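Trainee: Submitted below is the structure of interest, expressed as structure tokens.
Residue numbers (this note's numbering), protein chains in the order written: chain A, 156 to 297; chain R, 129 to 526.
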């Protein structure tokens with residue numbers, strides 16, 4: 156199991172760890188049985204994500220992908236965040252071992268889940284915008 | 129930051145000791161002869177093998193002719209199981225009994241045999257990680273060919289009642305194999321007194337190099353089919369030019385391990401007990417496996433709300449090398465089958481830590497682990513939504 160320097164850096168010094176008390180959207184994906192849970196908090200002004208924090212229970216890759224994903228969407232627009240793919244997170248981390256790709260999928264889903272919550276709070280049906288978020292897709296694949 | 133590096137994963141592998149390396153060096157340099165050759169250089173290598181075979185046999189209390197050198201513990205396990213089952217199938221015996229928490233070298237071999245049409249019973253191990261003898265007795269059938277039960281578990285270190293199992297198998301007229309890879313060098317093993325018919329061992333778990341192991345097969349119990357056809361090495365049953373240096377190393381290592389066994393075991397046990405006591409001070413932690421019936425150097429502890437691989441990476445940053453039963457270290461999504469077999473829920477099994485000491489560890493190493501553990505667990509719990517829930521539940525219950 157070889158992690159890139161970037162993965163180890165984001166694991167050792169994760170960015171944006173914590174909570175946002177007055178978050179505009181909170182999303183949680185994964186489950187403890189699978190060994191991965193990611194929760195993301197978003198602060199949104201207009202259509203810009205002004206702040207993002209995460210809490211993650213999981214392996215090194217789960218923590219590193221959470222950290223990288225929050226970095227990638229901080230300051231971006233909602234539509235940019237919705238377009239963030241797990242692949243982009245993997246590339247930004249200089250790759251992940253094959254068995255850890257599901258962590259990046261989880262990070263992508265955590266963002267979508269938080270945005271989904273944001274729209275729900277606004278009284279907008281999130282599904283046409285965000286799409287369907289599978290619950291711990293990675294586990295069901297196995 | 130002037131931490132030294134603490135190697136606490138001796139159940140994975142051990143460093144080669146100086147004594148072993150010194151014994152090996154001549155066979156990696158001027159002693160390059162093929163042990164099958166007739167001239168002096170060959171004969172010297174041949175005599176070195178004779179000596180190493182005797183050293184292994186002395187430790188197990190068997191005859192040197194009952195020891196077959198192999199490439200590793202997994203090879204020995206494969207040979208014992210597949211060889212015995214294939215041989216005894218001709219007598220209509222198609223049933224194998226093992227346990228649910230064996231090493232994969234046994235479990236995957238058993239699964240391969242099932243695919244061939246053999247039947248396998250997997251005995252449960254219960255919360256303390258030890259089988260019930262009554263389960264074994266109940267599982268025995270007229271067509272049972274072989275019982276294979278590990279001496280000590282590789283993850284939680286629990287030791288099975290091997291002598292009692294041996295007695296039951298002897299009475300039933302069933303072959304008994306034990307994977308003793310984790311036990312050799314740490315507990316005394318007497319294949320005669322314990323009625324063991326076959327036993328697997330691996331050199332690198334007791335300061336010999338990697339890539340060398342042995343299988344003991346009691347004379348008169350079974351003649352295994354050849355594993356490798358070729359030359360006359362290992363009585364023609366496991367052909368291939370011998371790895372003289374490594375075999376010599378294993379002979380010296382096993383002799384040294386048994387010469388110093390009680391002292392080393394007492395030292396490792398003291399370190400492990402101190403570590404367990406300190407680790408259990410951390411809230412929401414638990415020791416996995418029986419506290420007494422376990423290998424002297426093994427501690428396996430679960431910490432709720434953290435994931436094992438992340439824990440290992442953080443410990444690595446603190447200069448500590450250890451192991452985990454976490455799914456994420458195995459590349460699958462399921463946590464260790466061993467931890468699940470003793471009844472741990474998935475979410476707790478994910479957060480397990482295995483520390484395994486050898487005689488080369490020091491009390492200073494234990495200090496460093498004890499200092500690092502609360503720190504790294506605290507950091508991971510701080511960012512863990514699972515831990516947040518545990519804290520909330522605790523608050524609600526108080």
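Ideal placement from N, C-alpha and C gives every residue a C-beta, glycine not left out. Every value quoted in this text rests on a predicted model; they were computed, and no experiment measured them.
Does residue 129 of chain R have its Cβ less than 8 Å from a Cβ in chain A?
Mentor: For residue 129 of chain R, the predicted model reports a pLDDT of 45, less than 50, meaning its position is unreliable and no value from the coordinates is stated.
Trainee: Under 9 Å between beta-carbons, which chain A residues line up against residue 512 of chain R? List them in chain order, please.
Mentor: Those are 192, 210, 211, 212, 213, listed as they occur along chain A.
Trainee: Taking Cβ positions only, does residue 417 of chain R come closer than 8 Å to chain A?
Mentor: By this cut-off, residue 417 of chain R is not an interface position.
Trainee: Could you check if residue 353 of chain R is buried or exposed, using at least 16 other CB atoms within 10 Å of its CB as the buried criterion?
Mentor: Classification for residue 353 of chain R: exposed.
Trainee: Could you tell me if residue 526 of chain R is buried or exposed, where buried requires 16 or more neighbouring beta carbons within 10 angstroms of its beta carbon?
Mentor: So residue 526 of chain R counts as exposed.
Trainee: Kindly confirm or deny that the region 467–478 of chain R and the region 420–440 of chain R touch, where touching means at least three C-beta pairs closer than 8 Å.
Mentor: Cβ pair count under 8 Å is three or more, so yes.
Trainee: Look at residue 271 of chain R and residue 221 of chain R and say whether their C-beta atoms are less than 8 Å apart.
Mentor: Cβ atoms of residue 271 of chain R and residue 221 of chain R: closer than 8 Å.
Trainee: So the candidates are R:167, R:191, R:342, R:283; which of them puts its Cα closest to the Cα of residue 365 of chain R?
Mentor: For the residues R:167, R:191, R:342, R:283, the minimum Cα distance to residue 365 of chain R belongs to R:342.
Trainee: For residue 488 of chain R, I'd like the list of residues in its chain whose CB is within less than 7 Å of its CB, leaving aside the five on either flank, ordered along the chain.
Mentor: Result list for residue 488 of chain R: 143, in chain order.
Trainee: Please confirm if the region 294–303 of chain R is in contact with the region 161–181 of chain R, defined as three or more CB-CB distances below 8 Å between the two stretches.
Mentor: As far as the Cβ criterion goes, the region 294–303 of chain R does not touch the region 161–181 of chain R, which means the pair count is below three.
Trainee: Could you check whether the region 247–267 of chain R touches the region 303–317 of chain R, counting it as contact only if at least three pairs of C-beta atoms, one from each stretch, sit closer than 8 Å?
Mentor: No, they do not touch.
Trainee: I'd like to check one pair, residue 134 of chain R with residue 496 of chain R: are the Cβ atoms closer than 8 Å?
Mentor: Cβ atoms of residue 496 of chain R and residue 134 of chain R: closer than 8 Å.
Trainee: Do you know offhand how far residue 553 of chain R's Cα is from residue 292 of chain R's?
Mentor: Here chain R has residues from 129 to 526 only, and residue 553 of chain R is not among them.
Trainee: For the candidate residues R:157, R:254, R:524, whose alpha-carbon lies nearest to that of residue 467 of chain R?
Mentor: Closest by alpha carbon: R:254.
Trainee: Within this structure, are the beta carbons of residue 207 of chain A and residue 220 of chain A separated by less than 8 Å?
Mentor: It is not a contact, given that the beta carbons lie outside the stated cut-off.
Trainee: Taking the Cβ atom as the reference point for each residue, do residue 229 of chain A and residue 204 of chain A lie within a distance shorter than 8 Å?
Mentor: Yes.
Trainee: Taking the C-alpha atoms as reference points, what is the distance between residue 230 of chain R and residue 294 of chain R?
Mentor: Near 17 Å, if we compare the C-alpha coordinates of residue 294 of chain R and residue 230 of chain R.
Trainee: Give the secondary structure of residue 139 of chain R by DSSP, where H, G and I count as helix, E and B as strand, and everything else as coil.
Mentor: The answer is coil: DSSP assigns residue 139 of chain R none of H, G, I, E or B.
Trainee: Identify the contact partners of residue 218 of chain A in chain R, using a Cβ-Cβ distance below 8 Å as the criterion.
Mentor: What residue 218 of chain A touches in chain R: 438, 511.
Trainee: My guess is that residue 247 of chain A and residue 270 of chain A are in contact by the Cβ rule of under 8 Å, so how many angstroms apart are they, rounded?
Mentor: About 19 Å; that fails the 8 Å criterion.
Trainee: Compare the C-beta of residue 225 of chain A with all C-beta atoms of chain R and state if any pair is closer than 8 Å.
Mentor: No, residue 225 of chain A lies away from the interface with chain R (no Cβ there is under 8 Å from its Cβ).
Trainee: In chain R, what lies closer than 9 Å to residue 167 of chain A by C-beta?
Mentor: Correct list: 441, 442, 445.
Trainee: For chain A, check one thing: does any of its Cβ atoms lie closer than 8 Å to the Cβ of residue 463 of chain R?
Mentor: For residue 463 of chain R, the answer is yes, since a Cβ of chain A falls inside 8 Å of its Cβ.
Trainee: Tell me whether the beta-carbon of residue 201 of chain R lies closer than 8 Å to the beta-carbon of residue 329 of chain R.
Mentor: It is a contact, given that the beta carbons lie within the stated cut-off.
Trainee: Which residues, taken in chain order from the region 470–484 of chain R, show a beta carbon closer than 7 Å to some beta carbon of chain A?
Mentor: Here the close residues are 474, 475, 478.
Trainee: Within the region 193–221 of chain R, note down every full beta strand (DSSP E) run reaching 3 residues or more, in order along the chain.
Mentor: The region 193–221 of chain R contains these whole beta strand (DSSP E) runs: 195–198.
Trainee: Mind reading off the beta-carbon distance from residue 334 of chain R to residue 393 of chain R? Whole number of angstroms is fine, and I expect it under 8 Å.
Mentor: No, residue 334 of chain R and residue 393 of chain R are not in contact; Cβ-Cβ is about 12 Å, not under 8 Å.
Trainee: Rounded to whole angstroms, what's the CA-CA distance from residue 443 of chain R to residue 188 of chain A? Just pull it up for me.
Mentor: Looking at the two C-alpha atoms, the distance is approximately 23 Å.
Trainee: Using CA coordinates, which residue listed in A:209, A:276, A:213, A:274 is at the minimum distance from residue 175 of chain A?
Mentor: Taking only the C-alpha atoms, the option nearest residue 175 of chain A is A:209.
Trainee: Using 8 Å for Cβ pairs, my map puts residue 256 of chain R next to residue 237 of chain R. What's the rounded Cβ distance?
Mentor: Actually they are not in contact, since the Cβ atoms of residue 256 of chain R and residue 237 of chain R sit about 26 Å apart, beyond 8 Å.
Trainee: For residue 179 of chain A, which residues from the same chain have a beta carbon less than 8 Å from its beta carbon, with the 5 sequence-adjacent residues on both sides left out?
Mentor: Answer for residue 179 of chain A: 197, 198, 199, 273, 276, listed in chain order.
Trainee: Report the neighbours of residue 433 of chain R on chain A: residues whose CB is nearer than 8 Å to its CB, in chain order.
Mentor: Here the neighbours are 212.
Trainee: Since residue 247 of chain R is in the beta strand (DSSP E), which residue starts that stretch and which ends it?
Mentor: Unbroken beta strand (DSSP E) run through residue 247 of chain R: 247–251.
Trainee: So, with DSSP's three-state summary, where would you put residue 490 of chain R?
Mentor: Residue 490 of chain R: coil per DSSP, three-state reduction.
Trainee: According to the Cβ coordinates, are residue 234 of chain R and residue 204 of chain R closer than 8 Å?
Mentor: Cβ distance not < 8 Å, so residue 234 of chain R and residue 204 of chain R don't count as in contact.
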